[in-house]
Structure formats: structure tokens, C-alpha cells
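If you read the sequence shown in UniProt numbering, its first letter stands for residue 1, the second for the next number, and so on. From the three backbone atoms N, C-alpha and C, an ideal C-beta is built for every residue, glycine too. Bear in mind that the values here come from a model prediction, so they are computed numbers and not experimental data. So the structure is just underneath, and the comments pick up after that.
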Amino acid sequence: MKIGYLSAAPRVSTNPEAEASGPRAHVLGVIRAFESLGYPVKKYIVGDRVPSNWRGKGSEAAVSGNWWRTLFIDITRLILGFVNAQRAWREMGREVDWVYERFAALQSLGWIFQRRGIPWLLETSGPFFYEAKFARKSVVLSGLARRIEVGAYRQCDVLVCVSETLKEIVVREAQVSPQKVLVIPNGVDVEFFNPDAYQPQRLFPGLTIGFVGTLTNWQALDLLLQAMSEVKNQGIDLSLVVVGDGLMLEDWKSLTQNLGLADRVRFVGRLSQLQVPEAVAGFDVGYSGQIESPELGKMYHSPLKIYEYMAMAKPVIASAFEDAQRTLKEGETGFLFPAGDLEGLKQALVRVSQAHERLSQMGQQARREVVAQHSWRSRVQDIVTKTETILSQRQR
């Protein structure tokens, strides 16, 4: 069986300089997993075909810079979506048995394959109509974006969601049959994220928390900074390394100064994907403290960082949402706290400090569990097996 991998988003690219590092890791993880399972993959990834400034540093800020520019970009997306669907079909339509598409706001590509009898698997990592309008402010034509997204969810043969919470949102908002929706959390490339392959680069001598990701509101680094400041007054001395860039960078740098943590926090900026494991190797514990989206009142993500920290043999401080509760064991591979709860996070930091001597042992256990259960290969095998069941049931 041959797979066609589709992605219409101009900012999502497999190139190392792509600003959207999380989507890049996801795309590469899925493609490599298909290939490792013996399924050849042909790729049509728009972000790999556009000028580098469309996907590189500053591209997110450019998209959300002003209303008129964003409107122009919306119209461009609509046109490119149709053009790229035609091109994708011409390039590989007669050479693939399934197409697997990563959804992009205001555009989809898989429909043209489906019209010609090729099953269309569509993956979504969130309600884009909400994220683009409220969280990133990267869409003006929000009503049209919602109609296109809902239509794609209804039309595709199989819809892959990264969490049960996201499935609930999609089934409710798009009125999609739950029978065609798969819940497949994110995973990790356990060979690339392997602590044996990297020399730790420590920036602080003491107990160090690390964060890797895009600096957006829902990552709740401000909560961590506040908690670190308050437990410092209790004699618990922690340091923080922040790897990443984003719209909240300057605000959180200012907060760090205001809290008197400038000598305990290092913002190292965005690193290439090849540099990330080395940075994580220098952490003692990772942080994944996402909060609920204010408009939806839900946390529907499947944070890649949880799996990447674990693969690098680091226990994780995490807000107690679906992925973290399923993946982490309190006091064994991680430290859970109620999302957005300052007192809960402070208590988690106290537990981290008390477990300082055990963190390495906890990290090794985390590594064993993620290798056994959460690799991209195992995730994609689930997709293939469950999709075959759905498609066979339709043919009866």
C-alpha cells in the first residue's frame, strides 16, 4: 500500500528553518512511521514548496500583523488550496492507495483524491476555526474558515483527532459521525530523542526545569514563573531554561525581570530541531503546563513536549489534562497539578525539589514507558489497523 501525505499550510514544513517546530516534528514523525512500517510515502507538503520567508522566523507575526494583510493572506490561502489540490492530484493521484492529510485553515487537498475513489484520512490537532481567530488572530474570514473546516471533517473517510476532548468538540460542532473518528494522541521519534546520543548542555548548576515550545498564552509559562518566585521565598531554588519563540516572549521576559528571576531564567530562543534533544538533555525535569482555551473552556491538545521529554529520560511537570493523566504516573514519571492552579503548581515544584535525587531514576522509567507505548510507529500502526476496519465496514 502506498500513502500520499498532504499538507496545505504554507507555514508547516519539514525544512529545519521552519518556525512551526511542533508541526514539523509531527509531520516527520508520521511520515517516517509509515515508511518504517513498509508503506512508501509520496509527499505534497506546500510548506516545503513556498519561499523560505513564508515559513521561517517571523512568519507567524507576519500573518497576524494587521487586518488587511491577514485578509489578503486568507484570500491567497483559498486560491492556493484549490490550485494545490489540482497539482497534488496530477503529481501522485494515480500512484497512491490512501491519502493522509494534515488539516490547514481555509484549505484542504484530500477531497480531489476522494472523488476518484481514494480513501481520504484527515488529521486535526485542534478546532482551527477557533485557534486561528482567537488564539493566533491569523484569520479574518473566520465564518468561511469554519464552513470549510466543518465540511472537510464531514466529507473525509476517516478523521484522526489527537484527544478524546477534541473528538467531542468536533462531533458536537461539525455533527460528524463518531464512528469514523479515531483518537490517536501524538507520539515521539524514540530514536531521534534518545539521551544516549547527546551530551547534556547545562546552563545552570542547580535543579533545572526546561520548556520547549512556542511561546503562546496557553503554555502558561507565566504561571510557572510566578510559582518559581513564590517557592524561592520558601528556600526552594530552581532554574528555568526556555527554548522557543513566540508572541509572548517579550511579555514573559519582562515578567521574569519583575519577579526578580533574571539570574535563574534563560530564554535561549528558537533552536533547530537537531539542537533540541541536546538542550533537553541539560534539563532535570520538563514543563508542560497548558491551560484551557478561554472561549471553549477545554484543553484539547496532545502536547508533543510530554513525549519528547520522556523520550529524553526526563520526568515531566504537567497540568493534569487527558494526555498527561494517561501518560504520566505521579511520583514515578511525573508531577501533576490542576491546570492553571498556582497553589497546585507550587506544590508540584515542592515535590520536584524533594525528589531531586530520584529525578534521574524517574526519567529512565519515563523513557522505558514512552519507548514501549508512545512511539510514532505504534501510533501510525493504530491508524492503519483502525482505518482498515472502518473502510471494510463501509464496503459491507
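Around the beta-carbon of Pro315, 16 or more other beta-carbon atoms lie within 10 Å, marking it buried. For the beta strand (DSSP E) assignment, the uninterrupted runs of no fewer than 3 residues enclosed by the region 187-225 are, from N- to C-terminal side, 208-212. With contacts defined by Cβ atoms closer than 9 angstroms, Val158 and Val212 do not form a contacting pair. If you ignore the 5 residues before and after Ala279, its C-beta comes within less than 8 angstroms of the C-beta of Gln201, Gly210, Val212, Val241, Val243, Val268, Leu271, all in its own chain and listed in chain order.
Approximately 6 angstroms separates the beta-carbon atoms of Ala320 and Phe337; this is inside 8 angstroms, confirming the contact. Burial state of Ala85 is buried, judged by a 10 Å Cβ sphere holding 16 or more other Cβ atoms.
Sequence-distant Cβ neighbours of Leu71 in its own chain, meaning closer than 8 angstroms and more than five residues away, are Val140, Leu141.
With contacts defined as CB atoms closer than 9 angstroms, Gly47 and Ala105 fail to qualify as a contacting pair. Phe128 and Gly235 have their alpha carbons spaced roughly 43 angstroms apart. Excluding the 5 residues flanking it on each side, Ile3 has same chain C-beta neighbours closer than 8 angstroms at Phe34, Tyr39, Pro40, Val41, Lys42, Val96, Asp97, Trp98, Val99, Tyr100, in chain order. Bounds of any alpha helix (DSSP H) do not take in Leu336; it lies within the beta strand (DSSP E) bounded by 334-337.
In the three-state reduction of the DSSP assignment, Thr76 falls in the helix class, which pools H, G and I. For the 9 angstroms CB-CB criterion, Gly93 and Ile73 do not form a contact. DSSP, reduced to helix, strand and coil, places Gln347 within a helical segment of the structure shown.
The continuous alpha helix (DSSP H) containing Thr327 extends over residues 322-327. CA-CA distance, Leu342 to Gln219, rounds to 14 angstroms. CA-to-CA, the gap between Trp120 and Thr333 works out to about 37 angstroms.
Nearest Cα to Met310 within the set Arg90, Thr327, Ser302: Thr327.
For the pair Asp196 and Gly29, the CB atoms are not nearer than the 9 angstroms cut-off. Between Ser288 and Ala313 a beta carbon distance of about 16 angstroms is seen, past the 8 angstroms cut, so the two are scored as non-contacting. By the CB criterion at 9 angstroms, Leu207 and Thr256 fall outside the cutoff.
The criterion of a C-beta distance shorter than 9 angstroms is not satisfied by Cys156 and Val183. Around Glu91, the same chain offers Tyr44 as residues with beta carbons nearer than 7 angstroms, after the five sequence neighbours per side are excluded. Rounded to the nearest angstrom, the gap between the Cα atoms of Arg358 and Arg367 is 14 angstroms. Judged by their CB atoms, Asn186 and Pro303 are nearer to each other than the 9 angstroms cut-off. Excluding its 5 nearest sequence neighbours in each direction, Ile390 has C-beta neighbours in its own chain below 7 angstroms: Val158, Lys180, listed in chain order.
Contact between Met228 and Leu261 holds: CB atoms are separated by about 6 angstroms, below the 8 angstroms threshold. For Glu101, there is no enclosing alpha helix (DSSP H); the residue is found in the beta strand (DSSP E) stretching over 98-102. With a minimum length of 3 residues, the unbroken runs of beta strand (DSSP E) contained wholly in the region 249-327 fall at 265-269, 285-288, 316-319. In the three-state reduction of the DSSP assignment, Glu330 falls in the strand class, which pools E and B. Boundaries around Gly22 are those of the alpha helix (DSSP H), 21-36, since no beta strand (DSSP E) includes it.
Take Pro178, set aside five residues on each side of it, and the residues of its chain with a beta-carbon closer than 6 angstroms to its own are Val171, in chain order. Straight-line spacing of the CA atoms in Ser108 and Glu149 works out to 8 angstroms.
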